[in-house]
Amino acid sequence: MKNFYKIVPVIVIITLSILSIGFKQGENQHISILPKLQKRDIYDMNLSDMIEIRRGNLQVEEIRLFTKMESDNLNHSGLLTKSTSLKINNEVKSKLLRNGDINIDLVIPDPNGRNMKLKLTKVEVTSSDFIISTVGVSGKSKFNYQNTGLHYRGIIDGETNSIASLSIFDEFVMGLFSGKTGNYVLGSVMKDGKYTDDYIFYNDSDLKVLNKFKCGIGEDNGENFNVYSVTEFQKSHGQNGELDEGRAPVQVYFVCDYDMYQKAGNNVQAVGSFVTGLFNSVATIYQKEYLKVQISEIQVYTSPDPYRFTNNSVDILFEFGRNTRDNFNGDLAHLLSTRTINAGGIAWINVLCANYSGNSQEPYGRFAYSNIETSYNNFPTYSWTVGVIAHEMGHNFGSQHTHACAWPVGGYIGAIDSCYTAEGNCFPGQFRSIGTIMSYCHLWAPTGDTSQGGGINFARGFGVLPGDTIRLRYNQAACFGPTVNVSELPVTFNLLPNYPNPFNPITNLKFAVPENANVTIAIFDIRGREVARLMSNKYFNQGIYTFQFDASLYQLSSGVYFYKMYAVNPVNNTGVYSNVRKMILMK
223 MKNFYKIVPV
233 IVIITLSILS
243 IGFKQGENQH
253 ISILPKLQKR
263 DIYDMNLSDM
273 IEIRRGNLQV
283 EEIRLFTKME
293 SDNLNHSGLL
303 TKSTSLKINN
313 EVKSKLLRNG
323 DINIDLVIPD
333 PNGRNMKLKL
343 TKVEVTSSDF
353 IISTVGVSGK
363 SKFNYQNTGL
373 HYRGIIDGET
383 NSIASLSIFD
393 EFVMGLFSGK
403 TGNYVLGSVM
413 KDGKYTDDYI
423 FYNDSDLKVL
433 NKFKCGIGED
443 NGENFNVYSV
453 TEFQKSHGQN
463 GELDEGRAPV
473 QVYFVCDYDM
483 YQKAGNNVQA
493 VGSFVTGLFN
503 SVATIYQKEY
513 LKVQISEIQV
523 YTSPDPYRFT
533 NNSVDILFEF
543 GRNTRDNFNG
553 DLAHLLSTRT
563 INAGGIAWIN
573 VLCANYSGNS
583 QEPYGRFAYS
593 NIETSYNNFP
603 TYSWTVGVIA
613 HEMGHNFGSQ
623 HTHACAWPVG
633 GYIGAIDSCY
643 TAEGNCFPGQ
653 FRSIGTIMSY
663 CHLWAPTGDT
673 SQGGGINFAR
683 GFGVLPGDTI
693 RLRYNQAACF
703 GPTVNVSELP
713 VTFNLLPNYP
723 NPFNPITNLK
733 FAVPENANVT
743 IAIFDIRGRE
753 VARLMSNKYF
763 NQGIYTFQFD
773 ASLYQLSSGV
783 YFYKMYAVNP
793 VNNTGVYSNV
803 RKMILMK
């Protein structure tokens, strides 16, 4: 489980000689065997580390894909208290699609009259064998999908804990960026069911309409919930809920109903682009939790689907389970519907690697259902759609709602927040707060006055306990590993910040090697004395590596320490990289 530390301020005066610590032999040196050393890919790390690895010291071009329209001729005053109307530059978009730049800095005029800068790097959202299939009157067939889109992830410049996702297609661009001030949505304004060159950029806390999404889980008032044991929860989570690295990603099989196909102009290509674009934002939220998810298949109904006469989310989930069983291409099966029935969403809890079971009346398995909106009055509402899908997948991964009376908080079993009626009757009222993915805090009616509280901030991810839970369940699911597979290789040397920091007694250290090199890493105290040597002139191929440093092996006291990486060319033994970072041991 993650821990938070109250840090007493310490004034540390560090001389230049300490910052340029050298390696030396001495009585304080300890030699150890390096534990848990593995290669990593970029989807195993948080977004700021991914940006740092991908970019290094490379120059990145600023992209201005949109220009601000001086007058709001789109007239969204009935939907928003404030927003920015934009016009897309199709020449810039075509150049991006043609060049496929790995790293970009996107600059967008924001609703507050300033420019928002996004530091982005290109990613993949689908598996290597991804397909789109259709189900029509003649049965199922493979669709010749032209994957011409680009997907980017990253952060808002200056906000390390923020998240950003952007997807660019020939027909449209969609983006979702979350930081300290909320969730920002970027999308095309529809006209006659088609995308236009007019775009809107807004903070979803400024919406005047309510996101009415509710999940079907917990409607029994928590009576059927499995309550966590405090001691069992703490023991099972291990050190800081850490993720076992080098495991296979969770592959999601999406089924899109006939209504969604019709609303996309009977265009399978358009359905595929929309689903992959919104999933990029979902996957960005999961990457913030150190979890890798990708799409293995999208199945589109091009003729009436079997769910069209069912309007209750529970019944739809059961029918989807009976029809799907374990006969699908992926680890989780997720039904998407755009029918206007306000069915919300529903999913089975903790089903990673589970087999289909149950009877015909109540099938159990790796299934979820989300009733989504592609737009609201021709107006993009991507944050709503992303929130629904990420939430229901969170149930599949093993998390309950944050207002469920099932969490070990403060030494007892209770709820994490109280934005909605308690599932389990552990608190009496409802209170506004900014929630996380598994909360209902979005149900507080919007007023345009953010001081009223309420809402969900995607930059907060799942929060501590739900985040630890879904990582634990993923680690426990045997069908995902262990595997070691490097899908992305670094282009520059880098020594990444340790995590967690402060720590006690274990922390994770990461480094990137863009070419074959001999690497030395050692730990120094505040006086510049070497207190641990983790490796000496050890040979590494190109890749990203991580390992654990256990301070308890060296009898170190609380305080500030430095870890230094030094790399040399293995052929001529010349130095090619050196860097020092600070970490804090707090017992």
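Numbering (my numbering), first residue to last: 223 to 809. Don't be surprised by glycine CBs; every beta carbon is placed ideally from N, CA and C.
Straight-line gap, residue i to residue j (C-alpha atoms, nearest Å)
i      : j      : result
ILE692 : ASN551 : 22 Å
VAL490 : ILE377 : 31 Å
PHE394 : SER410 : 7 Å
PRO528 : ILE611 : 21 Å
TYR480 : THR524 : 6 Å
THR729 : MET660 : 28 Å
ASN462 : SER774 : Unreliable positioning characterises ASN462 in this predicted model, as indicated by a pLDDT of 38, which lies under 50. The coordinate reading is nonetheless provided below. Taking the straight line joining both Cα atoms gives about 16 Å.
PRO712 : SER389 : 23 Å
ASP379 : CYS478 : 35 Å
ASN716 : ILE275 : 7 Å
GLN456 : SER518 : With a pLDDT of 43 at GLN456, under the threshold of 50, the modelled position of this residue cannot be trusted; read the value that follows with caution. In a straight line, the C-alpha of GLN456 is about 34 Å away from that of SER518.
LEU778 : VAL631 : 31 Å
TYR578 : ASP553 : 12 Å
MET787 : ASN740 : 10 Å
GLY685 : PHE769 : 25 Å
ARG682 : LYS809 : 27 Å
LEU319 : TYR512 : 28 Å
LYS341 : ASN383 : 13 Å
THR607 : PHE542 : 20 Å
Residue burial classification, residue i (beta-carbon count within 10 angstroms, cutoff 16)
i      : result
ASN794 : exposed
GLY580 : exposed
GLN509 : buried
GLN516 : buried
PRO688 : buried
GLY499 : buried
PRO736 : buried
ASP414 : exposed
PRO585 : buried
ARG810 : Here the chain comprises residues numbered 223 to 809, so residue 810 is not present and cannot be evaluated.
ASN534 : exposed
SER305 : buried
PHE476 : buried
TYR761 : exposed
LYS514 : buried
LEU408 : buried
LEU287 : buried
ASN549 : exposed
GLU645 : buried
LYS416 : exposed
SER363 : exposed
VAL706 : Caution applies to VAL706, whose pLDDT of 37 falls short of 50 and renders its modelled position unreliable; the model cannot decide the point.
LYS317 : exposed
Nearest neighbour of residue i, chosen from the options [CA to CA]
i      : options                           : result
ILE385 : VAL395, ASP379, GLY689 and PHE399 : PHE399
THR546 : VAL536, GLY587, LEU269 and SER518 : GLY587
TRP570 : HIS617, ASN366 and PHE542         : HIS617
GLN583 : ARG544, GLY397, LEU342 and ASN534 : ARG544
PRO471 : HIS373, TYR374 and ALA700         : ALA700
LEU429 : TYR406, ASN502 and GLY335         : TYR406
ASP332 : ASN366, GLU292 and PHE365         : GLU292
THR562 : ASN726, LYS760 and THR596         : THR596
TYR634 : GLN368, CYS648, THR643 and LEU408 : CYS648
VAL345 : ALA505, ASN334, HIS664 and VAL536 : ALA505
ARG695 : ARG320, MET805 and GLN622         : GLN622
HIS431 : THR403, GLY300 and ASN321         : According to the sequence provided, residue 431 is Val. The question's His does not apply to it. Per the Cα distances, GLY300.
PHE601 : MET412, PRO722 and PHE725         : MET412
MET805 : ASN738, ILE745, PRO526 and PRO792 : ILE745
ASN763 : PRO650, THR714, ARG751 and PHE540 : THR714
LEU372 : SER363, ASP392, ASN383 and THR382 : ASP392
THR303 : ASN425, ARG803, HIS664 and ASP772 : ASN425
PHE589 : VAL573, THR603 and TYR604         : VAL573
GLY335 : LYS290, ASN321 and ILE656         : LYS290
LEU539 : THR624, ILE568, THR560 and SER270 : ILE568
Beta-carbon spacing of residue i, residue j below 8 Å
i      : j      : result
PHE653 : SER640 : yes
TYR785 : LEU731 : yes
LEU756 : SER780 : no
SER503 : HIS556 : no
THR343 : MET267 : no
GLY609 : ILE678 : yes
C-beta neighbour in chain C for residue i, strict 8 Å
i      : result
SER592 : Looking at the structure shown, chain C is missing, and only one protein chain is on hand.
Legend entry - contact_flag[the region 409–421, the region 350–367] where n(CB pairs < 8 Å) is 3 or more: no
Inset, instruction - State whether the region 338–355 contacts the region 299–319, with contact taken as three or more CB pairs (one from each stretch) at a distance under 8 Å. - result: no
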